[in-house]
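Colleague: Which chain is which? The protein sequence lines are A and B, in order.
Quick note: the working numbering has the first sequence finishing at residue 160, numbered continuously throughout.
Quick note: the working numbering has the second sequence finishing at residue 320, numbered continuously throughout.
Where a beta carbon is used, it is the ideal one built from N, C-alpha and C, also for glycine.
A quick note: this is a predicted structure, and the numbers were derived from the prediction, not measured.
Number of protein chains: 2
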Amino acid sequence: PPFESRLEERDAVGFETAVAYALKGLGEGGIPIGSALVHHQANGEAWVVGAGHNERVQRGSCVMHAEIVALEAAGRLPPHRYRNMTIYTTLSPCSMCCGAILLYKIPRVVIGENTTFKGDEELLRSRGVEVVVLDDIACKEAMSKYIEANREEWYEDIGK
Amino acid sequence: PPFESRLEERDAVGFETAVAYALKGLGEGGIPIGSALVHHQANGEAWVVGAGHNERVQRGSCVMHAEIVALEAAGRLPPHRYRNMTIYTTLSPCSMCCGAILLYKIPRVVIGENTTFKGDEELLRSRGVEVVVLDDIACKEAMSKYIEANREEWYEDIGK
Ligand SMILES: [Ca+2]
Ligand SMILES: [Ca+2]
Ligand SMILES: [Zn+2]
Ligand SMILES: [Zn+2]
Numbered sequence: 001p002p003f004e005s006r007l008e009e010r011d012a013v014g015f016e017t018a019v020a021y022a023l024k025g026l027g028e029g030g031i032p033i034g035s036a037l038v039h040h041q042a043n044g045e046a047w048v049v050g051a052g053h054n055e056r057v058q059r060g061s062c063v064m065h066a067e068i069v070a071l072e073a074a075g076r077l078p079p080h081r082y083r084n085m086t087i088y089t090t091l092s093p094c095s096m097c098c099g100a101i102l103l104y105k106i107p108r109v110v111i112g113e114n115t116t117f118k119g120d121e122e123l124l125r126s127r128g129v130e131v132v133v134l135d136d137i138a139c140k141e142a143m144s145k146y147i148e149a150n151r152e153e154w155y156e157d158i159g160k
Numbered sequence: 161p162p163f164e165s166r167l168e169e170r171d172a173v174g175f176e177t178a179v180a181y182a183l184k185g186l187g188e189g190g191i192p193i194g195s196a197l198v199h200h201q202a203n204g205e206a207w208v209v210g211a212g213h214n215e216r217v218q219r220g221s222c223v224m225h226a227e228i229v230a231l232e233a234a235g236r237l238p239p240h241r242y243r244n245m246t247i248y249t250t251l252s253p254c255s256m257c258c259g260a261i262l263l264y265k266i267p268r269v270v271i272g273e274n275t276t277f278k279g280d281e282e283l284l285r286s287r288g289v290e291v292v293v294l295d296d297i298a299c300k301e302a303m304s305k306y307i308e309a310n311r312e313e314w315y316e317d318i319g320k
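#1: Per DSSP, what kind of secondary structure is P1 of chain A in: helix, strand or coil?
#2: For F175 of chain B and H240 of chain B, what's the separation of their Cα atoms in angstroms?
#3: Who's in the neighbourhood of ligand 3, going by beta-carbon under 6 angstroms from any heavy atom, listed in chain order?
#4: For the stretch 36-68 of chain A, enumerate the residues whose C-beta is nearer than 7 angstroms to any C-beta of chain B, in chain order.
#5: Using a threshold of 8 angstroms, state whether the C-beta atoms of I106 of chain A and I87 of chain A are closer than that.
#6: Quick check on R83 of chain A: buried or exposed, where buried means 16 or more other Cβ atoms within 10 Å of its Cβ?
#7: Check I68 of chain A in the structure and name its three-state DSSP category.
#8: Just confirm the distance between the C-beta atoms of E153 of chain A and I31 of chain A, as a whole number of angstroms; I'd bet it's less than 8 angstroms.
#9: S92 of chain A CB to nearest chain B CB: under 8 angstroms?
#10: Find the nearest neighbour of T183 of chain A within the set A:V129, A:E141, A:A100, A:Y104, judged by alpha-carbon distance.
#11: With which residues is G210 of chain B paired in a DSSP beta bridge?
#12: Can the beta-carbon of V270 of chain B be found closer than 8 angstroms to that of E281 of chain B?
#13: Name the two residues that bound the continuous beta strand (DSSP E) containing Y248 of chain B.
#14: Comparing the C-beta of Y181 of chain B with each C-beta of chain A, is any distance below 8 angstroms?
#15: Can you give the beta carbon distance from A22 of chain A to G52 of chain A, rounded, assuming they're within the 8 angstroms contact cut?
#16: E28 of chain A: which of A:L7, A:E55, A:A42 sits nearest, CA to CA?
#17: Which residues of chain B have a Cβ atom closer than 8 angstroms to the Cβ of G159 of chain A, listed in chain order?
#18: So, for T115 of chain A: in the same chain, excluding its five sequence neighbours on each side, which residues have a beta-carbon less than 8 angstroms away from its beta-carbon?
#19: Beta-carbon within less than 6 angstroms of V173 of chain B's beta-carbon, same chain only, minus the 5 sequence neighbours each way: which residues are those?
#20: Should S304 of chain B be flagged as near chain A, meaning a C-beta pair shorter than 8 angstroms?
#21: Below 8 angstroms on the Cβ atoms is my guess for V209 of chain B versus L197 of chain B; work out the distance and round it to an integer in Å.
#22: Just mark P93 of chain A as buried or exposed, buried being the case when its beta carbon has 16 or more other beta carbons within 10 Å.
#23: Contact criterion: CB-CB distance below 8 angstroms. Does A149 of chain A meet it with respect to chain B?
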């Protein structure tokens with residue numbers, strides 16, 4: 001199937017972690033967007049240094065988008081550490097999360113899907129960030145299911 | 161003095177609150193950047209709905225910039241509420257904080273100074289946000305004092 005061919009092996013751990021957090025969030029009644037921050041080491045190993053899901057519903061937060069939670073979970077890091085990282089997110093990142101990616105100069109973003117919502121991907125590309133969109137069906141289905149039942153929470157999350 | 165003439169009366173409460181938080185942060189050994197989110201009502205009253213300071217040092221956070229803390233302190237809000245708000249910050253907002261301003265379509269940003277650091281002000285302007293820079297001496301002095309003694313923490317905060 002087309003989507004599987006887009007997922008490179010080096011991205012499997014990060015993307016699957018992001019999806020797992022999205023589904024955990026959905027199970028909690030939250031907006032099903034997950035993210036993982038992964039450090040790719042010289043020997044090829046991929047380490048998940050931070051992960052999480054959107055916390056609008058669970059923690060009543062307007063800033064704890066999945067990508068922000070993943071960055072926060074990784075803690076304070078020397079800036080050069082981010083240069084060997086990829087951030088995975090199940091949904092195209094909003095302006096705030098794209099801005100966080102630019103702040104820390106994370107060079108690569110892997111996105112589950114951008115059909116439900118398309119964030120500032122072009123801004124990322126224009127500033128040299130590699131952006132990969134997987135067009136993943138499971139990510140889309142989780143969002144469709146959530147939005148159908150919780151349209152107001154979803155609009156609130158994207159400032160609409 | 162020139163800077164005082166730039167501060168409009170409607171901005172006094174918000175800007176003074178942002179400065180007070182910056183100085184509170186400095187007193188705690190933190191990066192002295194403060195922010196306040198203010199709702200301007202139809203009758204001319206200005207209500208501070210959220211405020212805070214950078215929490216990198218105090219909470220070990222890489223995402224809790226002053227503007228993000230101010231937004232979080234305001235809590236979950238219906239998106240239209242942000243349309244009558246101004247966000248005040250003692251220092252020019254970084255990419256992440258500019259992205260948060262764009263996410264919630266906050267129409268106006270008042271900045272203490274952009275000499276120490278200049279964030280994505282042009283991106284904000286290009287998307288229709290009104291950006292006012294006060295060139296405030298106290299804001300600059302607090303940052304100079306902090307950075308002189310804590311250069312590494314400061315570079316970490318801007319991903320440098
Ligand atoms: Ca899938
Ligand atoms: Ca002053
Ligand atoms: Zn976001
Ligand atoms: Zn910032």
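Modeller: Once the coordinates are examined:
#1: As a working note, residue 1 of chain A is residue 1 in the first sequence. Low confidence applies here, because P1 of chain A scores a pLDDT of 48, under 50, leaving its location unreliable; read the following figure in that light. DSSP places P1 of chain A in coil when its eight states are reduced to three.
#2: Taking the first residue of the second sequence as position 1, residue 175 of chain B is located at position 15. Taking the first residue of the second sequence as position 1, residue 240 of chain B is located at position 80. Distance from the CA of F175 of chain B to the CA of H240 of chain B, rounded to the nearest whole angstrom, comes to 23 angstroms.
#3: A:H65, A:E67, A:P93, A:C94, A:M96, A:C97
#4: Within the stretch 36-68 of chain A, the residues whose Cβ lies closer than 7 angstroms to some Cβ of chain B are R56, G60, S61, C62, V63, I68, listed in chain order.
#5: Position 106 of the first sequence, counted from the start, is the residue given in the question as residue 106 of chain A. Position 87 of the first sequence, counted from the start, is the residue given in the question as residue 87 of chain A. Less than 8 angstroms separates the beta-carbon of I106 of chain A from that of I87 of chain A.
#6: For the purposes of this step, residue 83 of chain A is identified with residue 83 of the first sequence, where counting begins at 1. With fewer than 16 Cβ atoms within 10 Å of its Cβ, R83 of chain A is classed as exposed.
#7: Residue mapping note: residue 68 of chain A aligns to position 68 of the first sequence, counting from 1. Of the three classes helix, strand and coil, the one that applies to I68 of chain A here is helix, per DSSP.
#8: By one-based count along the first sequence, residue 153 of chain A stands at place 153. By one-based count along the first sequence, residue 31 of chain A stands at place 31. The Cβ separation is near 6 angstroms, so the contact holds.
#9: Your numbering for residue 92 of chain A matches position 92 in the first sequence. Taking Cβ atoms only, chain B never reaches closer than 8 angstroms to S92 of chain A, which makes this a no.
#10: In the structure displayed, chain A extends from 1 to 160; residue 183 of chain A sits before or after that span and is not available.
#11: Here residue 210 of chain B corresponds to residue number 50 of the second sequence, with the count starting at 1. Looking at the DSSP assignment, G210 of chain B forms a beta bridge with B:L197.
#12: Numbered from its first residue, the second sequence carries residue 270 of chain B at position 110. Numbered from its first residue, the second sequence carries residue 281 of chain B at position 121. Not in contact: V270 of chain B and E281 of chain B (Cβ atoms no closer than 8 angstroms).
#13: Counted from its first residue, the second sequence places residue 248 of chain B at position 88. From DSSP, the beta strand (DSSP E) with Y248 of chain B extends over 245-251.
#14: For the purposes of this step, residue 181 of chain B is identified with residue 21 of the second sequence, where counting begins at 1. Output row for Y181 of chain B: interface = no.
#15: What you label residue 22 of chain A is simply residue 22 of the first sequence in a count that begins at 1. What you label residue 52 of chain A is simply residue 52 of the first sequence in a count that begins at 1. In fact, because the Cβ distance is near 10 angstroms, the residues do not count as touching under 8 angstroms.
#16: The residue you call residue 28 of chain A lines up with position 28 of the first sequence. With distances taken between Cα atoms, E28 of chain A lies closest to A:E55.
#17: The residue labelled residue 159 of chain A in the question sits at position 159 within the first sequence. Simply P239, Y242, L263, Y264, K265.
#18: The count along the first sequence starts at 1 and reaches residue 115 of chain A at position 115. Same-chain partners within the cutoff: D135, K140.
#19: Locating residue 173 of chain B in the second sequence gives position 13, where the first residue counts as 1. The answer, listed in chain order, is A206.
#20: Indexing the second sequence from 1 puts residue 304 of chain B at position 144. Among the CB atoms of chain A, none fall inside 8 angstroms of the CB of S304 of chain B.
#21: What you label residue 209 of chain B is simply residue 49 of the second sequence in a count that begins at 1. What you label residue 197 of chain B is simply residue 37 of the second sequence in a count that begins at 1. Going by Cβ atoms, the distance from V209 of chain B to L197 of chain B rounds to 5 angstroms, so yes, they are a contact pair.
#22: One-based indexing of the first sequence puts residue 93 of chain A at position 93. By the neighbour-count rule (16 or more Cβ atoms within 10 Å), P93 of chain A is buried.
#23: Walking along the first sequence from the start, residue 149 of chain A turns up at place 149. Cβ-Cβ to chain B under 8 angstroms: no for A149 of chain A.
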